[in-house]
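Visitor: Line by line, the protein sequences are chains A and B. When we follow the UniProt record's numbering, the leftmost residue of the first sequence carries the number 1, and every step to the right adds one. When we follow the UniProt record's numbering, the leftmost residue of the second sequence carries the number 1, and every step to the right adds one.
2 protein chains.
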Amino acid sequence: MTTPMFTVYTLAKLYGVKGDISSIARQGSGSACRSVLGGFVRWHKGCDPTGLDSVAQQIVPASHWPQLRILILVVNDRQKKISSTLGMQQSVKTSELLKYRVSHILPHRVDSIIKAIKERNFEMFAELTMKDSNQFHAMCLDTYPPALYMNDMSHSIVHLVHLLNSEKGRTKVAYTFDAGSNACLYLLESDVSAVLSAINHVFPPANDSVEYLRGLPVNIDPLDKKVAESLAMKPYEPGSLKFIIHTQLGEGPQVVQDLDQHLLTPAGDPKFLTPRHDN
Amino acid sequence: MTTPMFTVYTLAKLYGVKGDISSIARQGSGSACRSVLGGFVRWHKGCDPTGLDSVAQQIVPASHWPQLRILILVVNDRQKKISSTLGMQQSVKTSELLKYRVSHILPHRVDSIIKAIKERNFEMFAELTMKDSNQFHAMCLDTYPPALYMNDMSHSIVHLVHLLNSEKGRTKVAYTFDAGSNACLYLLESDVSAVLSAINHVFPPANDSVEYLRGLPVNIDPLDKKVAESLAMKPYEPGSLKFIIHTQLGEGPQVVQDLDQHLLTPAGDPKFLTPRHDN
């Protein structure tokens, strides 16, 4: 959800614009054009120099896969962020591997992940998601000078996910990282409690962390002693992760008719003022 | 310099073996076959399944480029090391990008770096070295599960090198990382003092570090205040680096005739006992 997306969606509704507004949102940003639709979305790169055919298309609505859950692991970060637009422009200029990825690897991979989503094949979806996240960050490293987004904590999360998946020989959780160090984990509702137990064991909250887990409520049991011993990963200092958001797929922007759900008062003032976070 | 290399070299000398001993050392390890020769060496991958044609060949002896210096920045590391042999076997199995790198990128790159070395073209040599180190680690990240060798400190060293090179618009120092987090920097003798000043400013030694800089002696002035301010990189905690080795290209293993240079007494006992380091 981005500011350009909200602006385009709101103006389109206000003026009664019909049809595809994704190409208008694309003028604002890539994430804006993806966010005007809900569920799983494919962003077509297009070939028109004006960018007008660089639009998003819904693959399935959120209701297609109601069991899917998302955990956002927000990481403490010392590094200065590189703008994802600048980083990608530099990759296009300097990474020889990027050309090969775009022409030879991505077309097949996009078809496969659409198939996995349509069939709700979690293991296939998870493996493709992780491989593609790794390859995206490999491209960033092959850029000159290299663009670095993941840090040691991000890689520790990757390591934990592979340990959890190999533990029972079943891919039950997947990671993906965009142009930043925070992890986005995909998993099924039935695995949320067990995976969060393991995350809380390895990355315990800081003692003063009043709201470590945000979003959808979930019961977390302490990690079973035997599982903890077999995990082969020592717990980190409390507070190594800032906080965790537990959420699910959304249906995209909506016109809210119920006044109680509005974020603004009828006078246009915000109803809630929450403390600002760094991330 | 590796144990298999020393064993092969010593036995070859003892039994008067003539000719190429690199292919014998290759049976021990890749670094062994490279280390039986001095200066710059090319390791041919070969195509014989027995590995007998996987040998090293000297490009130039160390005396070809006497101005070249090497700084090894030894990094504190929490992560468990992945064996480079296991990691590479996994990359060959799972990384689609590796196939493209081997078939389409490396042949031209090897020719270019040999040319740069023969012509003592430092800027060309440095840029190719950095790009190839980045691409090697990109391959490791494209491996499934990813093989991680560099850590946050390694990437901070990369960042510092690019800052130093962009500062005066001249590539005066290059980094390369093998299957570990320690940096190997190449630079010319005339730049050693200034580069070490910047390294000491950003990565100050721990207060109790008695021998932070080892190897060839060099005078280091504190970093000029103006340069420090323009560097756009805050100093790290003292002791973030373990220590630094300042060295140069070697001529490979030698038969030492001078008894004073022997490491062992005539009875075969070690002359020096130095404290053991973790790295």
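Cβ coordinates follow ideal geometry from the N, Cα and C atoms, glycine included.
#1: Mark valine 192 (chain B) as exposed unless 16 or more other C-beta atoms lie within 10 angstroms of its C-beta, in which case mark it buried.
#2: Find the nearest neighbour of alanine 179 (chain A) within the set A:Ser83, A:Ala56 and A:Val17, judged by alpha-carbon distance.
#3: Under the three-state reduction of DSSP, which class applies to tyrosine 100 (chain B): helix, strand or coil?
#4: Can you name the residues of chain A whose CB is closer than 7 Å to the CB of tyrosine 175 (chain B)?
#5: Quick check on DSSP: helix, strand or coil for serine 156 (chain B)?
#6: So what does DSSP say about valine 41 (chain A), is it helix, strand or coil?
#7: Closest Cβ-Cβ distance between leucine 151 (chain A) and chain B: below 9 Å?
#8: Using the three-state DSSP reduction, which class does proline 168 (chain B) fall into: helix, strand or coil?
#9: Excluding five sequence neighbours on each side, which residues of the same chain lie with their C-beta closer than 6 Å to the C-beta of glutamate 189 (chain A)?
#10: Strictly below 7 Å CB to CB, what residues from chain B border histidine 137 (chain A)?
#11: If we ignore side chains and look at the alpha-carbon of each, how far apart do alanine 267 (chain B) and leucine 259 (chain B) end up?
#12: Whole angstroms are fine: how far does the CA of proline 205 (chain B) sit from the CA of valine 195 (chain A)?
#13: Between the alpha carbons of arginine 214 (chain A) and phenylalanine 243 (chain A), how many angstroms are there, rounded?
#14: Can you find a C-beta in chain B that's less than 9 Å from the C-beta of tyrosine 186 (chain A)?
#15: Could you tell me whether the Cβ atoms of leucine 249 (chain A) and phenylalanine 40 (chain A) are closer together than 9 Å?
#16: So, at 8 Å on beta carbons, what are the nonlocal neighbours of glutamine 135 (chain B) in its own chain, with the 5 sequence-adjacent residues on each side left out?
#17: Report yes or no: do three or more beta-carbon pairs, one from the segment 139-154 of chain B and one from the segment 89-97 of chain B, lie closer than 8 Å?
#18: On the CB-based measure, 16 or more other CB atoms within 10 Å of its CB, does lysine 225 (chain A) come out buried or exposed?
#19: If you count every other CB in all the chains shown that lies within 10 Å of the CB of threonine 129 (chain B), and 16 or more means buried, which is it?
#20: Report all residues from its chain with a CB closer than 8 Å to the CB of proline 61 (chain A); omit the five preceding and five following residues, and keep chain order.
#21: Mind listing the chain A neighbours of lysine 168 (chain B)? Cutoff is C-beta to C-beta under 8 Å, in chain order.
#22: Going by CA-CA distance only, name the one from A:Leu216, A:Leu241 and A:Thr247 that's closest to residue 280 (chain A).
#23: Can you pull the chain A residues whose beta carbon is under 7 Å from the beta carbon of isoleucine 105 (chain B), in chain order?
#24: Report buried or exposed for valine 255 (chain B), applying the criterion of at least 16 other Cβ atoms within 10 angstroms of its Cβ.
#25: Can you name the residues of chain A whose CB is closer than 8 Å to the CB of leucine 73 (chain B)?
#26: Under 8 Å Cβ to Cβ from glutamate 127 (chain B), same chain only, skipping five residues before and after it: list those, please.
#27: Exposed or buried, which one is valine 210 (chain B) when buried takes at least 16 other CB atoms within 10 Å?
#28: What is the residue span of the beta strand (DSSP E) that cysteine 184 (chain A) lies within?
#29: Any residues in the segment 101-134 of chain A with a beta carbon nearer than 9 Å to a beta carbon of chain B? Which ones, in chain order?
#30: Taking the alpha-carbon positions, what's the isoleucine 72 (chain A) to threonine 85 (chain B) distance?
#31: Valine 195 (chain A) versus chain B: which residues are under 9 Å apart at the beta carbon?
#32: Please tell me whether valine 75 (chain B) and isoleucine 199 (chain B) are closer than 9 Å, where the distance is taken between their beta carbons.
#33: In terms of residues, what are the limits of the beta strand (DSSP E) holding isoleucine 59 (chain B)?
#34: Which residue marks the beginning of the beta strand (DSSP E) containing threonine 143 (chain A), and which one marks its end?
#35: Is threonine 10 (chain B) helix, strand or coil when you go by DSSP?
#36: Can you tell me whether leucine 52 (chain B) is buried or exposed, with buried defined as 16 or more other CB within 10 angstroms of its CB?
Guide: If we stick to the structure as given:
#1: It counts as buried.
#2: Of the candidates A:Ser83, A:Ala56 and A:Val17, the one whose C-alpha sits nearest the C-alpha of alanine 179 (chain A) is A:Ser83.
#3: DSSP places tyrosine 100 (chain B) in helix when its eight states are reduced to three.
#4: Within chain A, no residue comes near tyrosine 175 (chain B); the closest Cβ sits about 10 Å away, beyond 7 Å.
#5: In the three-state reduction of the DSSP assignment, serine 156 (chain B) falls in the helix class, which pools H, G and I.
#6: DSSP places valine 41 (chain A) in strand when its eight states are reduced to three.
#7: According to the sequence provided, residue 151 (chain A) is asparagine. The question's leucine does not apply to it. Under the Cβ distance rule, asparagine 151 (chain A) counts among the residues neighbouring chain B, one pair being separated by less than 9 Å.
#8: In the sequence under discussion, the amino acid at residue 168 (chain B) is lysine, which differs from the proline named in the question. Assigned with DSSP and collapsed to three states, lysine 168 (chain B) falls in coil, not helix or strand.
#9: The residues are Gln67 and Arg69.
#10: Against histidine 137 (chain A), the close residues of chain B are Leu141, in the order they occur along the chain (beta-carbon pairs closer than 7 Å).
#11: Separation of alanine 267 (chain B) and leucine 259 (chain B) (C-alpha to C-alpha, rounded to the nearest whole angstrom) is 12 Å.
#12: Approximately 40 Å, taken between the alpha carbons.
#13: Here the alpha carbons of phenylalanine 243 (chain A) and arginine 214 (chain A) stand approximately 8 Å from one another.
#14: By the rule that beta-carbons nearer than 9 Å mark a contact, tyrosine 186 (chain A) does not touch chain B.
#15: A contact, by the Cβ cut-off of 9 Å.
#16: Arg101 and Ile105, listed in sequence order.
#17: Touching, per the Cβ criterion.
#18: Counting every other CB atom within 10 Å of its CB across the protein chains shown gives lysine 225 (chain A) a total below 16, marking it as exposed.
#19: With 16 or more neighbouring CB atoms inside 10 Å of its own CB, threonine 129 (chain B) falls in the buried class.
#20: Here the set comprises Gly38, Gly39 and Glu251.
#21: Under the 8 Å cutoff, chain A gives no residues; its nearest Cβ is about 16 Å from lysine 168 (chain B).
#22: Residue 280 (chain A) lies beyond the range of chain A shown here (1 to 279); nothing can be said about it.
#23: Against isoleucine 105 (chain B), the close residues of chain A are Glu96, in the order they occur along the chain (beta-carbon pairs closer than 7 Å).
#24: Exposed, by the Cβ-count rule.
#25: Within chain A, no residue comes near leucine 73 (chain B); the closest Cβ sits about 17 Å away, beyond 8 Å.
#26: In the same chain as glutamate 127 (chain B), and ignoring 5 residues on each side of it, the C-beta atoms closer than 8 Å to its own belong to Thr171 and Ala174, in chain order.
#27: So valine 210 (chain B) ends up on the exposed side.
#28: Residues 183-188.
#29: From the segment 101-134 of chain A, only Arg101, His104, Ile105, Glu127, Met130, Lys131 and Asn134 have a Cβ closer than 9 Å to chain B.
#30: Their backbone Cα atoms lie some 34 Å apart in a straight line.
#31: Under the 9 Å cutoff, chain B gives no residues; its nearest Cβ is about 17 Å from valine 195 (chain A).
#32: Going by beta carbons, valine 75 (chain B) and isoleucine 199 (chain B) fall outside the 9 Å limit.
#33: For isoleucine 59 (chain B), the uninterrupted beta strand (DSSP E) segment begins and ends at 56-60.
#34: Threonine 143 (chain A) -> no beta strand (DSSP E), and no H or E assigned at all.
#35: Under the three-state reduction of DSSP output, threonine 10 (chain B) falls in the helix class.
#36: The residue is exposed, with fewer than 16 neighbouring Cβ atoms inside 10 Å.
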